[in-house]
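Reading through the structure tokens given below for one structure.
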Amino acid sequence: MKKSNIDRTGMKISYSNYRRSKIKIAIIFICILTPAIILMSCATARITRTVEKPKNFPYLKYSDDIPYIKLHTESGSVYSLHSWEFNEATQTITGIGELLDFNRNVIKEDTFSVSYDEILLVETNEINASSPVLGLSVMTGITLAITIACISNPKACFGSCPTFYVKEGNDFVLQAEGFSSSILPSLEEKDIDAISKVKPYKSEMILKLKNEALETHVIRSANILALPHKKNGRIFATTNDGFYEVDKIQKPLLCTNKTDDITNEVSMLDGLEWFSTSDSSNLAEKETVEITFSNIEKANNGLIISYRQKLLTTFLFYQSLSYMGSNTGNWLSNAERVNNDMNQKIGKIDDLLGGIEVLIQSDSEEWIKVGEIIETGPIATDIKIIPLPENALLTSSKIKLRMTKGLWRIDNIALAHIVDTVEPIKITPQKAFYNELEDPVAVKKLNDSTKALVTLPGDEYELVYQLPSNFKEYDYFIESRGYYLEWLRNEWLVDENPDKVNQMLFNPIQYLKDLAPEFKEIEADMERSFWSSKYVLP
Amino acid sequence: MYYHKFLIAAVTVILLLLNSCAPSYAPTNWLPNTDQIQKESFGGWLTLSIVDSISNTDFQIEGELISTDSEYVYVLSDSVINVVSKLYVTNSILEIDDKNTDAYAGLAVLGTLSTISNGYYLIFSAPMWIIGGSAAAGGESRRDRYVKEFPSYTYWDEIQNFSRFPQGLPPNLTLDELRPKKLSGND
Chain L
9 MKKSNIDRTG
19 MKISYSNYRR
29 SKIKIAIIFI
39 CILTPAIILM
49 SCATARITRT
59 VEKPKNFPYL
69 KYSDDIPYIK
79 LHTESGSVYS
89 LHSWEFNEAT
99 QTITGIGELL
109 DFNRNVIKED
119 TFSVSYDEIL
129 LVETNEINAS
139 SPVLGLSVMT
149 GITLAITIAC
159 ISNPKACFGS
169 CPTFYVKEGN
179 DFVLQAEGFS
189 SSILPSLEEK
199 DIDAISKVKP
209 YKSEMILKLK
219 NEALETHVIR
229 SANILALPHK
239 KNGRIFATTN
249 DGFYEVDKIQ
259 KPLLCTNKTD
269 DITNEVSMLD
279 GLEWFSTSDS
289 SNLAEKETVE
299 ITFSNIEKAN
309 NGLIISYRQK
319 LLTTFLFYQS
329 LSYMGSNTGN
339 WLSNAERVNN
349 DMNQKIGKID
359 DLLGGIEVLI
369 QSDSEEWIKV
379 GEIIETGPIA
389 TDIKIIPLPE
399 NALLTSSKIK
409 LRMTKGLWRI
419 DNIALAHIVD
429 TVEPIKITPQ
439 KAFYNELEDP
449 VAVKKLNDST
459 KALVTLPGDE
469 YELVYQLPSN
479 FKEYDYFIES
489 RGYYLEWLRN
499 EWLVDENPDK
509 VNQMLFNPIQ
519 YLKDLAPEFK
529 EIEADMERSF
539 WSSKYVLP
Chain V
694 MYYHKFLIAA
704 VTVILLLLNS
714 CAPSYAPTNW
724 LPNTDQIQKE
734 SFGGWLTLSI
744 VDSISNTDFQ
754 IEGELISTDS
764 EYVYVLSDSV
774 INVVSKLYVT
784 NSILEIDDKN
794 TDAYAGLAVL
804 GTLSTISNGY
814 YLIFSAPMWI
824 IGGSAAAGGE
834 SRRDRYVKEF
844 PSYTYWDEIQ
854 NFSRFPQGLP
864 PNLTLDELRP
874 KKLSGND
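In order, the protein sequences belong to chains L and V. Each step along the first sequence adds one to the number in my numbering, with nothing skipped, and position 407 is 415. Each step along the second sequence adds one to the number in my numbering, with nothing skipped, and position 167 is 860.
This is how it looks when you write it as structure tokens:
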């Protein structure tokens with residue numbers, strides 16, 4: 009500011025300079041702060057649609073968030089109602105509104121009481137403002153003093169999401185890892201895993217739910233699904249949460265990867281797995297496995313694959329957190345805020361890596377994709393069935409699998425005849441024990457979809473389930489729902505690199521090529537480091 | 694002069710960034726507003742890219758998502774029902790509501806223009822508007838939009854909930870009885 013003088017004109021000039029600079033400072037603050045404020049409050053709306061059968065519907069009455077309900081019927085007509093409510097005693101849903109035909113013309117406006125029997129599906133839509141992560145807490149600065157292996161190879165630190173063990177005799181057998189790809193609240197999802205290694209010997213099943221990593225686990229539910237089967241039948245889950253009963257399960261006649269015969273590795277579910285190593289110049293490079301079967305049924309065939317991932321996705325996930333470094337909280341909050349945009353970009357890595365694609369040959373000998381298994385998780389083997397189109401194997405008895413090199417371990421491949429679809433019986437936990445003391449609050453949280461059981465590193469819960477009285481006539485699955493949050497390790501912060509984060513988001517193809525040499529260096533040792541760094545309470 | 698050049702460049706960058714907002718393929722006024730979605734009982738607007746395996750050419754089909762089953766997707770375009778095999782879909786985009794992108798876009802441009810008065814300091818504040826406003830507009834355009842290349846069974850299962858018949862095609866309904874949504878008014 010100019011020094012004022014006694015000249016009247018000079019004083020005016022210097023005062024006006026002062027005032028202009030004040031105004032300029034104010035405008036600068038407004039223009040800098042306003043976009044930040046708008047961005048924070050600029051929570052765009054998200055639509056959460058819930059569609060379920062009436063008996064499984066999680067909400068019982070209208071609220072400010074869910075004022076409307078739609079009831080879909082077999083004829084294609086729909087009731088669109090407000091002021092709605094479930095009446096469990098009479099098994100009806102009441103509300104005020106309209107009945108619309110299959111072309112959505114209004115048939116009637118009234119107060120309706122609709123029986124559950126008339127309704128195939130119930131639908132509600134909740135419109136939320138997507139906000140910075142609720143309860144997102146990124147724990148920084150955790151140093152793994154107790155695990156030398158993890159310090160020496162930080163990207164190989166054990167991480168998992170919740171692990172489920174099933175009691176067999178006096179031991180607990182690892183059976184599943186829940187919702188492995190749900191690393192943010194917005195990615196919360198349901199996961200179904202086969203209980204394949206343990207057969208119940210009594211009508212009570214005990215699961216041990218563990219948090220064995222430096223993570224916060226938010227578990228919405230942990231149920232057992234029981235599916236009845238006929239004497240020689242087995243039940244397998246599909247990739248979209250359906251179930252098939254199958255029989256006539258057969259091993260492959262021949263299975264090859266390039267010129268290698270891998271039939272022995274994939275013939276039985278026995279822990280002897282086939283896997284390959286990653287490409288040294290491109291982590292997304294693909295490879296194929298060719299399988300030949302004999303004695304094929306004309307129709308209703310399904311390909312059964314038992315698999316788990318290797319540690320490539322673990323490495324990529326931890327490397328991305330490492331590049332985000334001390335700004336991880338901001339990056340992940342942004343992903344929650346703008347949701348599909350950031351999550352779609354982050355998901356591009358998953359798209360490039362892909363799953364295990366199943367291909368069959370058409371009449372013109374073209375290979376056509378008929379299904380894909382995409383499930384993250386390196387810890388527990390899971391099993392899925394891919395139904396094949398009718399007449400799929402009449403032209404050629406060969407099936408091809410296509411997948412990213414070095415990403416998958418395959419324990420077993422089999423072909424089966426699909427007998428029927430099956431609906432599960434859902435069994436919720438009856439009791440929970442923490443440190444050998446009964447914990448009824450934990451049970452309530454797991455059985456209430458609006459609540460969640462939160463576990464920290466080292467937590468273990470034993471969950472008790474009551475099976476059907478004829479329990480031997482069922483196959484069982486674990487159905488879990490939730491998400492988890494990774495704790496940042498000190499050792500990761502040294503790699504902080506926003507340019508690499510931008511490359512991951514906007515040029516994932518090159519990102520996966522650039523990381524290939526670094527991953528190749530540690531690939532062989534990763535398994536040993538990973539398993540030796542599990543977090544266990546002293 | 695420098696500032697004017699910078700502002701022109703900034704607004705140009707904004708317009709280019711906003712061009713990266715996801716476009717809507719639905720006809721004007723076809724999609725309901727977000728707050729109407731709770732009552733809306735038509736399916737979302739689906740745009741499919743399909744490969745003709747005989748001629749090896751690509752073509753598009755778009756319309757209301759009626760339903761899906763284990764093999765096919767049913768799409769109603771005007772009064773024509775398209776039955777599309779899932780095997781030949783190379784890209785799928787489902788939109789369920791009309792986005793508020795224009796409001797965010799306008800705010801981003803106005804906000805950047807307002808930095809004219811900042812003089813030298815617009816170097817800092819203008820980019821914040823570009824980044825913040827474009828991110829908000831881009832985020833709004835991509836919200837609740839289901840996009841997948843070579844869609845898997847998981848994708849079809851997810852978008853089935855946004856079809857006219859999430860319960861599946863009514864067994865006694867013949868497809869030629871279906872009529873498209875009238876644009877003069879939502880349900």
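Positions of the beta carbon are idealized from the N, C-alpha and C atoms, including for glycine. These numbers were taken from a predicted model, which means no experiment stands behind them.
Around the beta carbon of ALA532/L, fewer than 16 other beta carbons lie within 10 angstroms, which makes this residue exposed. For the pair TYR519/L and ILE357/L, the Cα-to-Cα distance works out to about 9 Å. Among the residues of the segment 714–744 of chain V, those with a Cβ less than 9 Å away from any Cβ of chain L are ALA715, THR727, ASP728, ILE730, GLN731, LYS732, GLU733, SER734, PHE735, in the order of the chain. Under the Cβ criterion (8 Å, minimum of three pairs), the segment 396–415 of chain L does not count as touching the segment 225–235 of chain L.
As the crow flies, the alpha-carbon of GLY362/L is around 26 Å from that of LEU758/V. Taken through DSSP and simplified to helix, strand or coil, GLN511/L comes out as helix. In this chain, the alpha helix (DSSP H) harbouring ALA450/L covers 448–454. Close to ASP359/L, with beta-carbon spacing below 8 Å, are these residues of chain V in chain order: GLU842.
Between PHE94/L and LEU68/L, the C-beta gap is smaller than 7 Å, which places the two residues in contact. For ILE74/L, no beta strand (DSSP E) segment is defined, and its DSSP state is neither H nor E. GLN860/V belongs to the set of residues whose beta carbon lies under 7 Å from a beta carbon in chain L. Contact between the segment 506–521 of chain L and the segment 274–282 of chain L is absent: fewer than 3 CB-CB pairs across the two stretches fall below 8 Å. In this structure, ARG857/V and SER772/V do not form a Cβ contact; the two beta carbons are roughly 14 Å apart against a cut-off of 8 Å. Judged by DSSP in its simplified three-state form, GLY105/L adopts strand.
Take ASP751/V, set aside five residues on each side of it, and the residues of its chain with a beta-carbon closer than 8 Å to its own are SER742, ILE743, VAL744, ASP745, THR783, in chain order. Exclusion of the five residues before and after ASP428/L leaves TYR252, GLU253 as the residues of its chain whose Cβ lies within less than 8 Å of its Cβ.
Within the model, the alpha-carbon separation for LYS78/L versus LYS792/V is close to 23 Å. For VAL274/L, the uninterrupted alpha helix (DSSP H) segment begins and ends at 271–274. In the same chain as LYS453/L, and ignoring 5 residues on each side of it, the C-beta atoms closer than 7 Å to its own belong to LYS459, ALA460, LEU461, in chain order. Spatial neighbours of ASP762/V in its own chain (CB-CB distance under 8 Å, excluding positions within 5 residues in sequence) are listed in chain order as GLY861, LEU862.
Below the 7 Å Cβ cutoff, chain V contributes PHE858, PRO863, LEU866 as neighbours of GLY84/L, in chain order. Straight-line spacing of the CA atoms in SER760/V and ASP503/L works out to 48 Å. The beta-carbon separation of ASP201/L and ASP390/L, rounded to 5 Å, stays under the 8 Å limit for a contact. For the segment 103–126 of chain L, the set of positions with a beta-carbon nearer than 9 Å to some beta-carbon of chain V reads GLY105, GLU106, LEU108, PHE110, ASN111, ARG112, ASN113, VAL114 in chain order.
According to DSSP, PRO432/L shares a beta bridge with no other residue. Listed in chain order, the alpha helix (DSSP H) runs fully inside the segment 221–268 of chain L amount to none, counting runs of at least 4 residues. With contacts defined by Cβ atoms closer than 7 Å, LEU367/L and SER302/L do not form a contacting pair. By the Cβ test, the segment 462–481 of chain L is not in contact with the segment 290–307 of chain L, since fewer than three Cβ pairs between them sit closer than 8 Å.
Put simply, of ILE421/L, THR100/L, ALA440/L, GLU185/L the residue whose alpha carbon is nearest the alpha carbon of LYS198/L is GLU185/L.
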